[in-house]
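Residue numbers (our numbering), protein chains in the order written: chain A, 1 to 326; chain B, 1001 to 1185; chain C, 2001 to 2227; chain D, 3001 to 3194; chain E, 4001 to 4221; chain F, 5001 to 5564.
Cβ atoms here follow ideal geometry from the backbone N, Cα and C, with glycine treated the same way.
Notes follow the structure.
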Ligand SMILES: Cc1cc2nc3c(=O)[nH]c(=O)nc-3n(C[C@H](O)[C@H](O)[C@H](O)COP(=O)(O)O)c2cc1C
Ligand SMILES: Cc1cc2nc3c(=O)[nH]c(=O)nc-3n(C[C@H](O)[C@H](O)[C@H](O)COP(=O)(O)O)c2cc1C
Ligand SMILES: Cc1cc2nc3c(=O)[nH]c(=O)nc-3n(C[C@H](O)[C@H](O)[C@H](O)COP(=O)(O)O)c2cc1C
Ligand SMILES: Cc1cc2nc3c(=O)[nH]c(=O)nc-3n(C[C@H](O)[C@H](O)[C@H](O)CO)c2cc1C
Ligand code: SF4
Ligand code: SF4
Ligand code: SF4
Ligand code: SF4
Ligand code: FES
């Protein structure tokens, strides 16, 4: 788990560069809440606290929560969501290794359902002043238009939402001076940094190639197909892959071994399904980024996927493998 | 008001006729539930459940006339399976029907046996061999340990002995995970 | 068992079932009779309460619920052709036109259609607007419903009260974000925009058709123009 | 055409009977302990619910409304459903004893599945026509089956989890259903025109 | 079984909502607020008591094979009566509760109780049993509705004016409480009920443990 | 000559630790003061004892005879006196005991007459019987009677013989030394095995970390044709029968099937060597080579008489002071011995002295995070974490669905598991529990059948009796009509009693009465044996059981069963 944390660091560094240091405070808040929640639950359940705290899984959950939440989310939201993830989504199921749902994504989904406004309140480009950010986080000073803005995904969806507006993808993404022309200013670079961390995880054999490759490939394929057919209405593959939670999701979230499928074919199906759902929810749904819901929905299917994709066992492959030497 | 009555009466007549007819035309023959329940019972045929054998008990359960916790040889495991099958709550073995005991087999003290054949008649599974006036023996692998042969014996030469665990029948114990001392009392 | 006795058994059960059915249907029918006036009164009161939300009692003295015309679905009211007709009520004071009360739909809310009820005074100004059905996000877009609006002192929807195209020209009858004059909550402009635009269209409709609408006989139907 | 598609998508995913409309919960909790039973119950319910939707529409349209007997809706619907369930059971028993063995114990339970009454009532409330009623009924039933099967498979896996004692059994199942319901909220908005 | 046992059975031991898990749909769907939940529960109590009593009185005339249709008929008729009555006199509430009033018919508790108890007991006991089962549900739905309302909006008794005109909801939490919307949505219903069931299990386990600890002491004394 | 090798999935590469014990030549372990020879030393039926306490036996004299074909004989490892035939604790993870022959050696090592067999002219049946009577069982670990594996299977002929010299487990070197020192004997044994099944080719698989063994074997087969020594990559468990067959021939044998069905069969080199001794010299299997290594001063391999106490072997190698336990078998598949005074058996290939430094106890077991490491390591291509999940929650049906019985218990999964889960222990628990359940189920089914059969029979008998009775009454009526008056027909109200009672005639009644008195007299002596010294609770329980029996007696009477 420590390696997973290490692999997140490049992404966090780029995040701070573009959006200011508030994310570090969020990570600290989430980590503290996660460790406290974990310790309390372990104690209640009569498990060795120090042993389990040191496995680092609560920290992974906490960091992922912080990274998927807006950096200027009010402190109580980050803390409550993290506690919910650790207590309800993880420990009520018996703790590490037994939760069917991805705890970090449960936290995200619950929060966006409960506080859609707060969860779509992202710092405007240039709003990187730390004290000002802290004022929003801690004084729960309701953020105004000046400090917040919609993420590229949100802006795109909102504009395309109204048929009369006749907005186009190029129009929305291009007209906003604040967006880069790929995934939104800054977002592309953060995504690339996550990619680097993810590749390192792959090289370290912490994760296998199946999930990231299937996820990114399917997402790019669908997005590509639709944007070819109707470029005004559907954003292109590069945009989808580098924006929002896609890259983080591909390498760090959909790869969660506990709540994901475990067989190789199962992982491919899991990731492909998550990518498809992410794209559908992004393009047609009510929530800006479908990653969290897509992962949770695929979590639901994991027992069935694993059951259906059991690899053949030694000797049961139908016919003799090799069948003898020539 | 009249239409209401007419409409409803129409529906009722149709339905009543249909169901009445169906209840006779499609009378359920064998009850698959009984077979399923019987498959769970240990077939010791001991009658401790209060029924003359496992099948009658199975029938009683299927009809809802007996509780699921009356079979001591089946033990907790059996009750759990029955609860599962019937979607009922698990409940501990009813004390009035007996206690769960380790599996045992009957043993005939051959020196005392007078060959009266009373035990052969009592044994529900023909696990006792021996002709009249000759010494009788238990075929241990067939004996279910039901104890029914014990009381009919006029000379009390039958006793129940527990089946010993052997290397072949031994089970690995459930691995106990030791984690550091449990922290709360 | 023989077919014959099966038939007899069927008859018997059918008879019993019928008896029970009759007894209980009678019970229901009797209750229905007993409650019918009360139910109708309640339904009427409910409707009047809704009307009362947008139309002050003092402005009329007739029974608007009886003085209605049905309108064919039209785009101005946000309705598609397959929708049900809209029942427009007319309030009159001493026989003179006082107000038109009717429903309209904002089709482009965040969560889908937003149903509104509006009252347009004889002076072509809005007397009131209320949201009577919506699927906007609770806690975000639902401030368009004054019951959910946290600002109880001056609910958002009240800004339309007493406004007509005289006060706010049609071109500026939209949310500030789109260059108009009406406020919207930050972070939930879509809902506000939908409602605002729908009121504009509905008001325009009422203004355009005013005379015809008041003139139609009660309980008649206004056919679409050109039909 | 798309309208019909949206009815089905809406009924299966967006306003799933179980997670969105909160109907049919007793069988959802009761027969989901094993995947196998969940599949059986799903299949049986799909049939009955679809037919009940159609039958409900016909009764309402041609028997009740013309005679001003809307107040008999509940009664006539439920009686027809009860009969339908019984009839289904007989038909299955006759045509496929094997299927009957599998579904036998679930069929009677369908009568008390409130989705089977609720969906026809909703059809009336939503003013669906016959085809729409059938699609809505079928979609709801598929949604019910989907929820049931996913839940069943999850519960099977949960059996091995080291759940804290007070939460063992139904409590954790409820919480799982809650989290599933949150996951299904991701489908929000998919049933709208764009 | 005496009347006290029946009551205890209905309210705690065999609580339909927390133990038997029957009648969950109204429980979860209508418990968005305390007032909604309790109102429906009252209607349910009424139907249950009357239907159990009725079934127990007429059961000897009912042939076995049409037993269920007749029970349903009786229940449906009573539900329709309630439905009409609420429509007439509690119209606003009637609109809020929506299809869950007619759905009392299929509320599995009603039929389950009619089958399990009323078909075998005296009318009075049956009616009492039905009522107590309903009270059990009412208690559960009251707690559930109260909790969901409180967590979800920070208020209690909202909508009380529909039942008792002139009263007002209680703002329990500070007015700037952001409101945890999930609690009022279906997921919240499942989650809160999960916690209620767990809470009940915990209380039961604790009571049992106490009883076990106390038992030897009593015999010694 | 160079063979194309196949691959098996999974596997691990632990430190081999072979050098410790592979340097010294095989030494003979001295004859101990007592030998404890378990009767059952192979899979299958336990042999039937042939000796009595006090009896003198010669070395190699059979002390247990094979019981049926799925069994193998057991012999006296040395000459001496049988002291006892009694249950003794076995070196088995259960710590249970079973019948053993205890022999006091006389130190003379006097052999019975050893008769070599001219195998080239003997029939395969004769050779197989000979192997059975010589107690030849697989020395690779499973101690499966070798003669059974030599029967041609469904494939008709065993085309390929695989000889297992892989010795893939760390620390163990007994096969290595055997191959280096007695390659010729091994090859001669192979020749016999090959003759029995008339195999076309023989592949000897040796892990490539044993070059000397390969060289020695190659030298020994210089003359024999069709035997090929194939070095295989060193990767545990390359020596697993199925894995080795896969590597050498490409054939995969699923669980529940035998190699012979695929025309291939596998024998350990030690087995081959003992086949040679048994046939060409006439020596039954009375000793085996045991590696004793680990935390000891003088590790080595010892030719050890079966029945030698492990203590005696340990005395030869001087375990170091910090030794905290002893393992029988290798570190991957072996088990910790509860005591060290247990005998060496035919299965005992290795005794390891373990110290915390050499064999650290696995760390604290943490929850499985489904990381999949175990899946990658599993040579049986199973999903160990799923098996674990289901075995742990005792969901045996599911475990079986996930093929738990295909698990060869190699321990690779537990070796790689980052959460230190003792996975194999869970599998063994699940497998043994499932077998027990299966036995119970089979017993229950059999009991049901017998019960139903019996009910049918008694019904039929009752019917027949009734018919007979009816016929008799009819006859009696006729007789009455004819004027006679038979006694039996006088009581038509209770006809059966009337029939039955006279049959249970005076003589028998007297007999029973006499027996009862006799038994009563006996019971005076017998009963106290049962009830004596019993705790009051126990007595209460007995009373309770008695009471219930009385109840049951009542019940047992209800079915209208008539004493005949
Ligand atoms: C889950 C979710 C629900 C939302 N619901 C609404 C809504 O009901 N009404 C609305 O106007 N905006 C809603 N929004 C916000 C819009 O997506 C969009 O961000 C906003 O309307 C545009 O921002 P602005 O109002 O500051 O221009 C929602 C956003 C999210 C993420
Ligand atoms: C019940 C049973 C019957 C067997 N019958 C045969 C057989 O007929 N032919 C055969 O070649 N091997 C037979 N085997 C042997 C196995 O296939 C295998 O060779 C033996 O168990 C050695 O396994 P190991 O790899 O664990 O040492 C039998 C094994 C068992 C358990
Ligand atoms: C994991 C595993 C590893 C094994 N390793 C060896 C080995 O290294 N050498 C060996 O001879 N047998 C080994 N065996 C036993 C073989 O599977 C097989 O029983 C033996 O080669 C058959 O020969 P036998 O009947 O002569 O003993 C191993 C078995 C297992 C399950
Ligand atoms: C590669 C990898 C990815 C992980 N992803 C997540 C994640 O997305 N969400 C989370 O809560 N925990 C994640 N974890 C941590 C851990 O698996 C998780 O807390 C468990 O679900 C808790 O039982 C991850 C761990 C690893 C090794
Ligand atoms: S108690 Fe005896 S007879 Fe009854 S079911 Fe159990 S084993 Fe069978
Ligand atoms: S021998 Fe005795 S104990 Fe065994 S089955 Fe027969 S009657 Fe029962
Ligand atoms: S190696 Fe261990 S932790 Fe990893 S999946 Fe396997 S059992 Fe679980
Ligand atoms: S012990 Fe079994 S599950 Fe584990 S690696 Fe070996 S064969 Fe696979
Ligand atoms: S109340 Fe039981 S299914 Fe709805």
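Of all the alpha helix (DSSP H) runs that stay within the bounds of the segment 65–153 of chain A, which reach a length of 4 or more residues?
Segments of the alpha helix (DSSP H) lying fully in the segment 65–153 of chain A: 75–83, 103–114, 116–119, 130–138.
Cutoff 8 Å: residue 2144 (chain C) Cβ touching any chain A Cβ:
As a first step, residue 2144 (chain C) must be located in the third chain, where it is residue number 144. No - not a single Cβ of chain A is within 8 Å of the one on residue 2144 (chain C).
Would you say residue 2038 (chain C) faces chain B, with C-beta separation under 8 Å as the test?
Along the third chain, read from residue 1 onward, the residue named residue 2038 (chain C) stands at position 38. For residue 2038 (chain C), no CB of chain B lies under 8 Å from its own CB, so it is not counted at the interface with that chain.
If the criterion is Cβ atoms closer than 8 Å, does the pair residue 5419 (chain F) and residue 5351 (chain F) meet it?
In the sixth chain, counting from the first residue as 1, residue 5419 (chain F) sits at position 419. In the sixth chain, counting from the first residue as 1, residue 5351 (chain F) sits at position 351. Contact flag unset, no.
Separation of residue 5479 (chain F) from residue 5487 (chain F), as counted between CA atoms
Position 487 of the sixth chain holds residue 5487 (chain F). Position 479 of the sixth chain holds residue 5479 (chain F). For residue 5487 (chain F), the predicted model reports a pLDDT of 46, less than 50, meaning its position is unreliable and no value from the coordinates is stated.
Paired residues, beta bridge with residue 2068 (chain C) - DSSP:
The residue labelled residue 2068 (chain C) in the question sits at position 68 within the third chain. Residue 2068 (chain C) pairs with C:2089.
Residue-chain proximity (residue 1008 (chain B), chain D), Cβ-Cβ < 8 Å
Taking the second chain and counting its residues from 1, one reaches residue 1008 (chain B) at position 8. Answer yes: the Cβ-Cβ gap between residue 1008 (chain B) and chain D drops below 8 Å somewhere.
Could you check whether residue 3018 (chain D) and residue 3147 (chain D) sit closer than 8 Å to each other, using their CB atoms as the reference points?
Position 147 of the fourth chain, counting from 1, holds the residue named residue 3147 (chain D). Position 18 of the fourth chain, counting from 1, holds the residue named residue 3018 (chain D). Yes.
Do three or more CB pairs link the segment 5419–5429 of chain F to the segment 5383–5390 of chain F at distances below 8 Å?
Between the segment 5419–5429 of chain F and the segment 5383–5390 of chain F there are three or more C-beta pairs closer than 8 Å, enough to call the two in contact.
Beta-carbon spacing of residue 300 (chain A), residue 3154 (chain D) below 8 Å
The count along the first chain starts at 1 and reaches residue 300 (chain A) at position 300. The count along the fourth chain starts at 1 and reaches residue 3154 (chain D) at position 154. At a Cβ-Cβ threshold of 8 Å, residue 300 (chain A) and residue 3154 (chain D) count as neighbours.
Around the C-beta of residue 1121 (chain B), are 16 or more other C-beta atoms found within 10 angstroms, so that it is buried, or is it exposed?
Along the second chain, one-based indexing puts residue 1121 (chain B) at 121. It counts as buried.
is_contact[residue 2048 (chain C), chain D] using C-beta, thresh 8 Å
For this step, residue 2048 (chain C) is matched to residue 48 along the third chain. No, residue 2048 (chain C) does not count as interfacial toward chain D.
Considering only the alpha carbon of each residue, which of C:2215, C:2081, C:2153, C:2056 lies closest to residue 2096 (chain C)?
In the third chain, counting from the first residue as 1, residue 2096 (chain C) sits at position 96. The shortest Cα separation from residue 2096 (chain C) among C:2215, C:2081, C:2153, C:2056 belongs to C:2215.
To which residues of the same chain is residue 3167 (chain D) closer than 6 Å at the C-beta, ignoring the five residues directly before and after it?
The sequence position of residue 3167 (chain D) within the fourth chain is 167, counting from 1. So no residue of the chain qualifies.
Beta-carbon separation of residue 2133 (chain C) and residue 2158 (chain C) under 8 Å?
Here the question's residue 2133 (chain C) lines up with position 133 in the third chain. Here the question's residue 2158 (chain C) lines up with position 158 in the third chain. Residue 2133 (chain C) places its beta carbon 8 Å or farther from that of residue 2158 (chain C).
Skipping 5 residues on each side, what residues in its chain have a beta carbon closer than 7 Å to that of residue 4170 (chain E)?
Within the fifth chain, residue 4170 (chain E) is the residue found at index 170, counting from 1. Listed in chain order, the non-local C-beta contacts of residue 4170 (chain E) below 7 Å within the same chain comprise 4155, 4156, 4157, local neighbours out to five positions each way being set aside.
Could you compute how far the alpha carbon of residue 5276 (chain F) sits from the alpha carbon of residue 1100 (chain B)?
Counted from its first residue, the sixth chain places residue 5276 (chain F) at position 276. Counted from its first residue, the second chain places residue 1100 (chain B) at position 100. In this structure, the CA atom of residue 5276 (chain F) is about 54 Å from the CA atom of residue 1100 (chain B).
Under 9 Å (Cβ pairs) to chain A, residues found in the segment 2187–2221 of chain C
Against chain A - using a Cβ distance shorter than 9 Å - the residues of the segment 2187–2221 of chain C are 2187, 2188, 2189, 2190, 2193, 2194, 2197.
Is residue 5428 (chain F) buried or exposed, if buried means 16 or more other CB atoms sit within 10 Å of its CB?
Indexing the sixth chain from 1 puts residue 5428 (chain F) at position 428. Taking all protein chains shown into account, residue 5428 (chain F) has 16 or more neighbouring C-beta atoms within 10 Å of its C-beta and is therefore buried.
Does the CB of residue 2112 (chain C) have a neighbour CB from chain D at under 8 Å?
Here residue 2112 (chain C) refers to the residue found at position 112 when the third chain is read from its first residue. Interface flag for residue 2112 (chain C) against chain D is set, since a Cβ pair is found closer than 8 Å.
Comparing the C-beta of residue 3089 (chain D) with each C-beta of chain F, is any distance below 8 Å?
Taking the first residue of the fourth chain as position 1, residue 3089 (chain D) is located at position 89. Output row for residue 3089 (chain D): interface = no.
Min CB distance residue 2137 (chain C) to chain H below 8 Å
This model lacks chain H altogether; the protein chains it does include are A, B, C, D, E and F.
Give the residues from the segment 4102–4118 of chain E that approach chain D closer than 8 Å (Cβ to any Cβ), ordered along the chain.
Going along the segment 4102–4118 of chain E in chain order, one finds 4102, 4103, 4105, 4106, 4107, 4108, 4111, 4112 with a Cβ nearer than 8 Å to chain D.
Check the DSSP bridge columns for residue 5088 (chain F) and list the partner residues they point to.
Sequence index remark: in the sixth chain, residue 5088 (chain F) carries index 88 (1-based). In DSSP, residue 5088 (chain F) forms a bridge with F:5098.
Using CA atoms only, rank isn't needed, just tell me which of D:3086, D:3116, D:3070 is closest to residue 1018 (chain B).
To locate residue 1018 (chain B), count along the second chain from 1; it is residue 18. Nearest C-alpha to residue 1018 (chain B) among D:3086, D:3116, D:3070: D:3086.
Could you list which residues in chain C have their beta carbon closer than 7 Å to that of residue 3057 (chain D), in chain order?
Taking the first residue of the fourth chain as position 1, residue 3057 (chain D) is located at position 57. Going along chain C, no residue has its Cβ under 7 Å from residue 3057 (chain D), so there is no contact; the nearest lies around 17 Å.
Selected residue, minimal CA-CA separation from residue 4098 (chain E), among E:4057, E:4071, E:4037, E:4132
Here residue 4098 (chain E) refers to the residue found at position 98 of the fifth chain. Nearest of E:4057, E:4071, E:4037, E:4132 to residue 4098 (chain E), Cα basis: E:4037.
Taking 7 Å as the cut-off, does the CB of residue 4063 (chain E) come closer than this to any heavy atom belonging to ligand 7?
Residue 4063 (chain E) sits at position 63 when you count from the first residue of the fifth chain. False, no ligand heavy atom lies under 7 Å from that Cβ.
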